[in-house]
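2 protein chains.
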Amino acid sequence: MKMIPDAVVPLERCEVECVEPEKAASVRERLPGEAVSQELAETFRVLADAGRVRLILALLEGGELCVCDLAAVTGLSQTACSHNLRLLRAGRIVRYRRSGRNVFYTLDDAHIRLLLDVGLQHLGHEGPRRSTGNRND
Amino acid sequence: MKMIPDAVVPLERCEVECVEPEKAASVRERLPGEAVSQELAETFRVLADAGRVRLILALLEGGELCVCDLAAVTGLSQTACSHNLRLLRAGRIVRYRRSGRNVFYTLDDAHIRLLLDVGLQHLGHEGPRRSTGNRND
DNA sequence: CTGTTATCTTCACATCTATGAAGATGATTC
DNA sequence: GAATCATCTTCATAGATGTGAAGATAACAG
């Protein structure tokens, strides 16, 4: 026996929490602003390409390399290197220095090694195990 | 899309190093295989979206939240949450648990907090400053 | 069983991304 | 000055990505 004729139920619930409103509100308050998430995502997006990862790994190993050497090391074309290095520059991950006709790149940020190592740990590849002999930290 | 992972790639392309052939060869030998770079990039790609970053931050703060609460906290639609949570699941970043009609998500990996913190440090936002009090690792 | 709620999946599409080709820029040598 | 080399930029385009709409699934209430 029901006569409730599908009375329009107020949709004040679609926008609110379902299960734990208090907790949700508390968490939402503590979350950083949209801009921070956006910036973080953009940082990770720069690292979200195998070619750029190889460029970074090459610079981690080699310290300083010019574009054509980076191309040879990573297997990327020179053009692809240039494109990708530009993104890395924009993300303040690499720094460059002209020397005659060549442009030499180095890593600009000490955090990058840590980021890659933690990423490798996440994958189970045992990140912090690279003892190249010339750098240890 | 691209080339096969660390198979036997007949890479006799432009091996014409320009400036420091010895160094380049040495660095190339020490680089991990293509597959590792690819996996690393894919891991970072999962983090390369503001919505997913917000989901992770929410779980870092809240510990365990159901989908609708996550939607309310992050500001994403429920559908977008579901899509993004699937990617996070595929990347083994979150774990889920059914409880009645709800599905509760938690972070599945201790490295994620560190990744985000290092990313924030890179941005100059001072990452490791969150003491929620209920979790210590 | 039927209906409702929470979540997931499939499809579709607008947007974004990666990269080669071709030309521009900057540095060096003649 | 011209020629050459290393690198960068612009443009074009195939392919990847994010997300809403709509339907499917699962769990519960009655």
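Read top to bottom, the protein sequences are chains B and L. Each residue of the first sequence is one higher than the last, beginning at 441 in this note's numbering. Each residue of the second sequence is one higher than the last, beginning at 441 in this note's numbering. Even glycine gets a Cβ: it sits at the ideal position worked out from N, Cα and C. Just so it is clear, the structure is predicted and the values come from calculations on it, not from any experiment.
Below-7 angstroms beta-carbon distance, residue i vs any chain B residue
i              : result
residue 539(L) : no
residue 502(L) : yes
residue 543(L) : no
residue 519(L) : no
residue 516(L) : no
residue 530(L) : no
residue 471(L) : yes
residue 468(L) : yes
7 angstroms Cβ cutoff, residue i in contact with chain L
i              : result
residue 524(B) : no
residue 506(B) : yes
residue 559(B) : yes
residue 494(B) : yes
residue 458(B) : yes
residue 534(B) : no
residue 563(B) : yes
residue 489(B) : yes
Closest by C-alpha distance to residue i, when choosing among the options
i              : options                           : result
residue 485(B) : 522(B), 496(B), 464(B) and 531(B) : 531(B)
residue 508(L) : 482(L), 493(L), 525(L) and 500(L) : 525(L)
Residues that DSSP places opposite residue i in a beta bridge
i              : result
residue 546(B) : 535(B)
residue 506(L) : 544(L)
Residue burial classification, residue i (beta-carbon count within 10 angstroms, cutoff 16)
i              : result
residue 475(B) : exposed
residue 562(B) : buried
residue 538(B) : exposed
residue 511(L) : buried
residue 488(B) : buried
Pair within 7 angstroms by beta-carbon distance, residue i and residue j
i              : j              : result
residue 519(L) : residue 498(L) : no
residue 467(B) : residue 555(L) : no
residue 534(L) : residue 527(L) : no
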